[in-house]
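Structure first, then comments.
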Amino acid sequence: MSIITVFPTQTPTCSLSAFLRKKQRRKNTTSSLELNGENHVSETLNPVRGFRRRLVTVGPILFMRSNQKIHKNSSQDVPVISKKNTPILLNNFKIVQIFDCKISNKIIPSRRLECCNCCPIARSGHRIFADFDFIYVLGGYNYAFNNDKTYTDVWRFNRLTSQWQQCSLFDQTNPLPNTLASFSLVPVISNNSQNEIFIFGGTGFPFGQKATSKLHKIKIDVDGKIHLNLEAENQINNEIENENFVYLPDNQNLLEEEYPPRMYGHAMCHRIELNSDGSPYQVIYLAGGTSGHIYNMDIWRMERPCKIPNSPWKAKLLNRHGFEPGRYRLEAVLHGQKIFTFGGGAPDFCAEFNEVLVFNISERKFEHCPTIPDSNFGFPLGRKCHSLVQLDDDVYIIGGCRDNLEQQLQHPHHHQLITKQQLLNDVWRFNLNNLKWKKLKTNLPIPVYFHSSTLTKDGCVYVFGGCVDEDPLSQTRVNCLQKFWLKPPSLRYFASNALIENMEINQKRRIFNNFDIKLSDSEALISAIFKASVAA
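Take 0 as the starting number for the sequence shown in numbering that gives the first Met the number 0 and just add one per residue.
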C-alpha cells in the first residue's frame, strides 16, 4: 500500500504568465482531522504552477493534499479537486498490502489451512517489534499447526518493499524455545544494542503445562540471522519447578533465593536505572500473568549492572499475594517511579478503565488512580488481550476483547456454557501525566485480540495478527498487517514510496529480487532503479 499518489500529467488550462500576474494570493482554509481526534485549521497558498503535490502538516495534523487544477472563472481562479486525487488521511488505520501475494491480500479470516510461503502463518499470542526498516514477528500460536511451526519461527517485514522474509538461526544447534505464546518482549536499552530484545516466559500447548520462566536475549542481524542467548532460568527438574532458587545457565552457580515462577500472559517493562552508588543497571519489571491455573498480580524486579553485561541477573519480589485480583494479558508501562497497568483479566474478571491500577515502586504498593473520561465518549470499555504502544507521555490502547455476558454458547465437548467474546476495534490515547482519556477517530479495519503492536522510530503503528471471531475457543486468526501514523512521516519515506509507486510490477520484481533495498538506504533504491533500467 502506498500513501503517495501519482503526479498528474495534464496540462494546466491557464498559462503560467497569466497566473503570475495575479498579485493577490488566495488563502484556502482546510479543516482536517488531527491525529489525536481534534480539529485544527491550516492555511495553504495557491500553487505557483497549475498542479502541485502538497503535504500539509500543522502540529500532528497529517494528510496528503490532492493536486489542484486551476480554472479561469471571471476574475478568480477556482481550484478543482479531482475525485481521483482526494485527500488521504495518514492517521487512519489501513491494511497493508503485501507485494505480489495473492493469498494474504484477500484479508478473509478463515479456519482453513490456506496459506502461502511468502507470508507468516496466521497466529495469536505472538509479539512484534520494529526498527526503522523492518517489522519483526516472533512466535505465536495456531491450533492447526501444533508442531511448533509458529512457536519457533521469526519473520520480518520490509517497510519499503512490502515483502516478508523468514529469518533463520545463526546457530542451528541453539533453537528458539517452543514456548513463544503469550510471552513478554521488550527492546534492550543500551548504548551498543541494535535489534536486540529480551523475552521472558511464555507457554506452549497445552497452555500452562508447558509454561517457562526463562529469560532470553535475542539479536537479529542485518542478514536476518537470529542470535539467541539464554540469560537466566530457574533450576527445574522434569517434574517439579523449584521457585526458591535460580542458577546461571553456564556454570549452574547459585545466584539468588528468589526468581519468578513459570508464567505467561504477563507484562514486562525495561529501562536503565541508577543504583545508590550512581552506577547504571539494566532493570526489568514483570507484572501479573498466570501459571495456567492461578492468576496473580505479583510484581518482580530483575537487575544487572550495565558495565558487566555478562554478570548474573538478580531477582527480587516487590509485591505478592496482595488484595488485587490476578490478571492476565494486561499491558504495562513505566512512568517515573510508577508502573501503570492497563486492562487484563481472568475468566471471571475484566479490568475497567475508569481507574488504572498503578504500582508505586518506591513504596512497594498498589494505588487505584481515577482517570478522566473523554468529554464525548466517556471511558474505554474494559478489555483484555489488547495491545499498547507508547509515544512520549502518551499510551495508545488498541483493540482487544471482553466477555459478552449476554451471549453464551454450549461447549462442543462439555456440558457447561461458555461466554462469547465482544471484539473491540477502537483506539484510545491515555496521558500519563493528567490521566485523561481521548478516543481517536480511527478504528481497526479488522477487529482483533491476542494480537501485537509496535511503534516505529518515525511514528508509525503496526498491528499484526490476532483472533477475529467471537468464539471463546478462538479458532479463527489472521496474518494481516494494519497500520496508522501518530506523527508526520519523513520526506525520505514519501520520496522512496513515490519511486516504488510509479514502477511497473515486473520492474519491482526485478529490483526487489536482485537488490537489497530498505527504507534507511534510499540511495540503494535509486541505484537499483538506474541499473535495472540500463539492463533493460
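We put the beta carbon where it would ideally sit given N, CA and C, even for glycine.
| Check | Outcome |
| --- | --- |
| Residues of its chain near GLN336, where Cβ-Cβ distance is below 8 Å and the 5 sequence neighbours each way are ignored | ASN359, ILE360, SER361 |
| Residues bridged to ASP373 [DSSP beta-bridge criterion] | GLY377 |
| Residue interval of the alpha helix (DSSP H) (run including LEU429) | Looking at the sequence provided, one finds Phe at residue 429 rather than Leu. No alpha helix (DSSP H) holds PHE429; the beta strand (DSSP E) holding it covers 425-430. |
| Alpha carbon of VAL95 to alpha carbon of PHE169, nearest angstrom | 29 Å |
| Cβ contact (3+ pairs, closer than 8 Å) linking the segment 113-129 and the segment 435-445 | no |
| Uninterrupted alpha helix (DSSP H) stretches inside the segment 462-502 (no shorter than 4 residues) | 490-500 |
| Inter-residue spacing [alpha-carbon to alpha-carbon] between LYS306 and ARG363 | 27 Å |
| N-terminal and C-terminal residue of the beta strand (DSSP E) that GLN164 is part of | 162-168 |
| Through-space distance from CYS118 to GLU351, alpha-carbon basis | 36 Å |
| Beta-carbon contacts of GLU37 that lie in its chain and below 7 Å, excluding the five residues immediately before and after | Bear in mind that the predicted position of GLU37 carries a pLDDT of just 41, short of 50, making it too unreliable to give a figure here. |
| For ARG303, the first and last residue of its enclosing beta strand (DSSP E) | 294-304 |
| Strand pairing of SER183, partner residues [DSSP] | PHE199 |
| Sequence-distant residues of the same chain with beta carbon closer than 7 Å to HIS265, five excluded per side | SER183, GLY200, LEU285, ALA286, GLY287, GLY288 |
| Cα-Cα separation, TRP427 to VAL221 | 34 Å |
| Limits of the alpha helix (DSSP H) - the one that LYS507 falls within | 504-513 |
| Start and end residues, beta strand (DSSP E) containing PHE128 | 126-129 |
| Reduced DSSP category for PHE339 - H, G, I as helix; E, B as strand; rest coil | strand |
| Nearest neighbour of HIS385, chosen from PHE341, THR370, PRO346 [CA to CA] | PHE341 |
| Endpoints, the beta strand (DSSP E) within which ARG270 is located | 266-273 |
| Nearest neighbour of ILE293, chosen from PHE206, ASP99, TYR258, TRP312 [CA to CA] | PHE206 |
| Three-way DSSP call (helix, strand, coil) for ALA286 in this model | strand |
| CB-CB length for ASN355 against ILE338, believed under 8 Å | Correcting the residue identity first, residue 355 is Val in this sequence and not Asn. At roughly 10 Å, the Cβ-Cβ gap does not stay under 8 Å, so VAL355 and ILE338 are not in contact. |
| Residues near GLN165 in its chain [Cβ-Cβ closer than 6 Å; skip 5 each side] | TRP154 |
| CB of GLY398 within 8 Å of CB of PRO471, strictly | no |
| Continuous beta strand (DSSP E) stretch holding ILE397: start and end | 393-397 |
| Close beta carbons around ILE525, own chain, < 8 Å, minus the five adjacent residues each side | LEU498 |
| Whether TRP299 touches PRO259 by CB criterion (8 Å) | yes |
| For ALA523, three-class secondary structure by DSSP | helix |
| Where LEU518 sits in the DSSP three-state scheme | coil |
| Simplified DSSP state of LYS530, which is helix, strand or coil | helix |
| Beta-carbon proximity of TRP536 to PRO369, cut-off 8 Å | The requested residue 536 does not occur in the structure, where the chain is confined to residues 0 to 535. |
| Straight-line Cα distance separating ARG319 from GLN420 | 30 Å |
| Extent of the continuous beta strand (DSSP E) to which ILE445 belongs | Element bounds for ILE445: n/a, residue is neither H nor E. |
| 7 Å CB neighbourhood of GLY203 in its chain, flanking five on each side removed | TYR150, ASN177, THR178, ALA180, LYS209 |
| Separation of ALA121 from VAL477, as counted between CA atoms | 5 Å |
| Contact with chain B by TRP436, beta-carbon distance below 8 Å | This model lacks chain B altogether; it includes just one protein chain. |
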